[in-house]
Amino acid sequence: MAKKSLIEWIESPPREVLYTLLLIILSIPLIKPLGLPIPVSARTIEFHHYIETLPDGAYVMVSLGYGVSSQPAFEPFVVATFHDLFKRNVKVVVETTGSDGPIVYKSAIAKANPDSYGKKYGEDYVFLGYVPGGETAMKALAEDIHAAVPADYYGTPIEQIPMLKNIHGATDFTLVICFTSAGDTAVGWIRQWVTSYNVPYLSCVLTMMMPTIEPYYPVQVKALVGADRGGEMEFLVGHPGPGLKKADSFSLSHMVLMAIIIVANIAYFSLKAQKKEV
Amino acid sequence: MADWATTFGIWVGALLNIFLWSIAYRDNPLFKFAEHTYVGASIGYAFAVAVRTVKVYGIDHITKGEVLYVIPFIIGLTLYFRYHRTLYWIYRYGMAIIVGAGIGAAFVRTIETSFLAQIRDTASINLVQPDAFTVLSNVIFIAAVTTTLYYFVFTFPVLHKGGGTKIADAGRWFMMLAFGYAFAKTVVTRYNLMLGRLQFLLYDWLHLGG
Chain D
56 MAKKSLIEWI ESPPREVLYT LLLIILSIPL IKPLGLPIPV SARTIEFHHY
106 IETLPDGAYV MVSLGYGVSS QPAFEPFVVA TFHDLFKRNV KVVVETTGSD
156 GPIVYKSAIA KANPDSYGKK YGEDYVFLGY VPGGETAMKA LAEDIHAAVP
206 ADYYGTPIEQ IPMLKNIHGA TDFTLVICFT SAGDTAVGWI RQWVTSYNVP
256 YLSCVLTMMM PTIEPYYPVQ VKALVGADRG GEMEFLVGHP GPGLKKADSF
306 SLSHMVLMAI IIVANIAYFS LKAQKKEV
Chain L
58 MADWATTFGI WVGALLNIFL WSIAYRDNPL FKFAEHTYVG ASIGYAFAVA
108 VRTVKVYGID HITKGEVLYV IPFIIGLTLY FRYHRTLYWI YRYGMAIIVG
158 AGIGAAFVRT IETSFLAQIR DTASINLVQP DAFTVLSNVI FIAAVTTTLY
208 YFVFTFPVLH KGGGTKIADA GRWFMMLAFG YAFAKTVVTR YNLMLGRLQF
258 LLYDWLHLGG
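Residue numbers (the working numbering), protein chains in the order written: chain D, 56 to 333; chain L, 58 to 267.
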């Protein structure tokens with residue numbers, strides 16, 4: 056096999072070299088932040104603003120529709136949202152539509168630490184656990200929570216949970232927030248809670264799902280953000296965390312990727328020109 | 058100082074993470090080991106969750122005397138006939154009921170949610186706006202919707218001849234732009250996931266930065 060020339064190597068570098076290069080470049084800002092500017096997008100401000108303007112005593116349904124495989128992407132945003140909710144006088148009902156949801160809930164709630172806001176389990180927030188059934192579960196929750204979920208995640212019967220005594224279904228909620236890595240889940244909440252009961256809905260999805268959910272924004276989804284905006288949300292709620300620490304690496308990763316695409320394309324067209332000359 | 062169980066967990070997580078990333082070099086036994094461990098752990102967890110779900114949402118109701126909850130059990134059991142050589146057809150009834158209930162719950166609202174509401178909102182776009190950017194944005198939006206729809210009108214071949222080709226081409230360009238946007242978002246998602254794991258390795262395992 057003929058040895059590659061430098062320009063051929065640049066045009067198509069070995070993937071292990073690319074990955075190693077990326078790994079090194081992305082690690083540096085995580086260890087020592089570069090302090091690159093972090094503009095907060097209008098979408099994240101919109102998301103935060105909606106929570107900020109919730110009336111006292113409002114009930115918020117939070118659905119964690121992601122599992123451990125996408126936990127690194129979602130957790131900064133989810134924790135920041137919990138901080139934002141627990142700061143206010145609102146009641147938070149959390150449930151998951153994924154079987155590994157309880158794992159991600161426990162991790163996120165421990166980081167948000169509701170106790171530090173004086174919030175009590177069962178009075179200010181409750182975790183219903185994994186509610187099986189996908190969209191049929193969303194429908195059942197909207198119609199009657201007491202009939203849909205016999206007990207919370209820890210086995211306490213729903214009727215014994217003080218904050219849920221006078222709550223029956225979607226009409227008692229002021230807002231529903233869904234964090235999900237599944238398109239069906241994001242749209243399922245629209246179908247069962249927005250179309251049917253007109254409950255305002257905020258959605259945080261895997262960034263790659265944004266084009267799929269975009270058509271529902273801003274009428275059916277009041278605020279739509281990608282999970283990569285966790286750092287911006289941490290900044291807005293005043294709780295810097297892993298999302299904000301990622302910001303420099305994010306910016307750098309985009310610059311490196313663009314540089315690689317440009318350099319490889321220059322090499323590609325140079326090779327093409329050389330072949331024409333021959 | 059973290060207790061030994063946490064430290065052990067971090068080491069196991071870090072090593073499995075590195076083994077999984079080793080696929081970037083090439084397929085190898087360490088990657089296979091990590092992959093099988095991940096799949097095995099996921100199935101084990103899913104099984105435990107399934108047992109809990111059957112208890113909480115089924116058995117607990119039956120033991121309270123709500124006998125109608127026997128019906129979902131029977132429907133569920135029919136699914137296991139899938140593995141029987143001659144009676145496998147019975148599983149189709151269970152599957153039909155499950156699929157039917159799912160479609161029934163979603164279908165009625167799908168027409169309004171993903172079809173009528175979209176058409177209504179697109180049709181109600183007002184081109185008269187106070188700022189030029191919104192006007193331009195709305196014009197592009199309407200052009201993208203109409204040309205893309207035009208591209209998919211195959212019933213009348215005459216529409217894809219002569220000047221009509223230009224409209225269909227414009228639709229194709231808009232779609233290519235949308236796919237580019239979607240692909241860029243996919244790259245961002247992958248970076249986000251990778252950075253999350255990298256933070257775990259650097260902060261929790263190696264105690265660098267953080």
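Don't be surprised by glycine CBs; every beta carbon is placed ideally from N, CA and C.
Since the structure is predicted, the reported quantities are computational estimates derived from the model, not experimental observations.
Proximity winner among D:SER67, D:ASP111 and D:GLY156, relative to D:SER124 (alpha-carbon distances): Closest in C-alpha terms to D:SER124, from the list D:SER67, D:ASP111 and D:GLY156, comes D:GLY156.
For D:VAL342 and L:VAL96, what's the separation of their Cα atoms in angstroms? One cannot answer for residue 342 of chain D here, as it falls past the ends of chain D, which runs 56 to 333.
Do the stretch 119–133 of chain D and the stretch 244–264 of chain D meet, that is, are 3 or more Cβ pairs less than 8 angstroms apart? The stretch 119–133 of chain D vs the stretch 244–264 of chain D: in contact.
Residue range of the alpha helix (DSSP H) that L:TYR150 falls in? From DSSP, the alpha helix (DSSP H) with L:TYR150 extends over 147–168.
Closest Cβ-Cβ distance between L:ARG229 and chain D: below 8 angstroms? Closer than 8 angstroms: no.
As assigned by DSSP and simplified to three states, the class of D:GLY286: Correct three-state label for D:GLY286: helix.
Own chain, CB closer than 6 angstroms to D:ILE232, minus 5 neighbours either side, in chain order: Result list for D:ILE232: VAL117 and LEU257, in chain order.
Name the chain D residues that come within less than 8 angstroms of L:LEU72, Cβ to Cβ? Going along chain D, no residue has its Cβ under 8 angstroms from L:LEU72, so there is no contact; the nearest lies around 16 angstroms.
Exposed unless 16 or more other CB atoms sit within 10 angstroms - verdict on L:LEU234: Sixteen is the threshold: since fewer than 16 other Cβ atoms of the shown chains lie within 10 Å of the Cβ of L:LEU234, the residue is exposed.
Along the chain, where does the alpha helix (DSSP H) containing D:GLY298 start, and where does it finish? Per DSSP, D:GLY298 belongs to the alpha helix (DSSP H) from 297–332.
Please tell me whether D:GLU190 has its Cβ less than 8 angstroms away from any Cβ of chain L. Yes, D:GLU190 lies at the interface with chain L (some Cβ there is under 8 angstroms from its Cβ).
Check for me: the alpha helix (DSSP H) holding L:VAL106 runs from which residue to which? Residue range 86–111 is occupied by the alpha helix (DSSP H) that includes L:VAL106.
Where L:LEU193 and L:PHE231 are concerned, what is the direct C-alpha to C-alpha distance, given to the nearest angstrom? Their backbone Cα atoms lie some 15 angstroms apart in a straight line.
Supposed contact pair D:ASP199 and D:GLY224 - C-beta distance, whole angstroms, cut 8 angstroms: 5 angstroms between Cβ atoms; contact.
Rounded separation between L:GLN175 and L:ASN195 - CA only: Roughly 15 angstroms between the two C-alpha positions.
Less than 7 angstroms between the CB of D:PHE324 and some heavy atom of the ligand NAD, yes or no? In terms of ligand content, the structure shown is empty, and the ligand NAD therefore cannot be addressed.
Any chance the stretch 208–221 of chain D sits against the stretch 169–186 of chain D, with 3 or more Cβ pairs inside 8 angstroms? Judged by Cβ distances under 8 angstroms, the stretch 208–221 of chain D makes contact with the stretch 169–186 of chain D, as three or more pairs qualify.
Taking the C-alpha atoms as reference points, what is the distance between D:VAL249 and L:TYR114? So the alpha carbons of these two residues sit roughly 26 angstroms apart.
Contacts around L:LEU77, its chain only, beta-carbon distance under 8 angstroms, and the 5 residues preceding and following it disregarded: Counting only Cβ-Cβ distances below 8 angstroms, and skipping sequence neighbours, we find PHE88, ALA91, GLU92 and TYR95.
Coil, strand or helix - D:GLU150 by DSSP: Here D:GLU150 sits in strand by DSSP.
Looking at the strands, I want to know which residues DSSP matches up with D:ALA278. Paired residue(s): D:LEU257.
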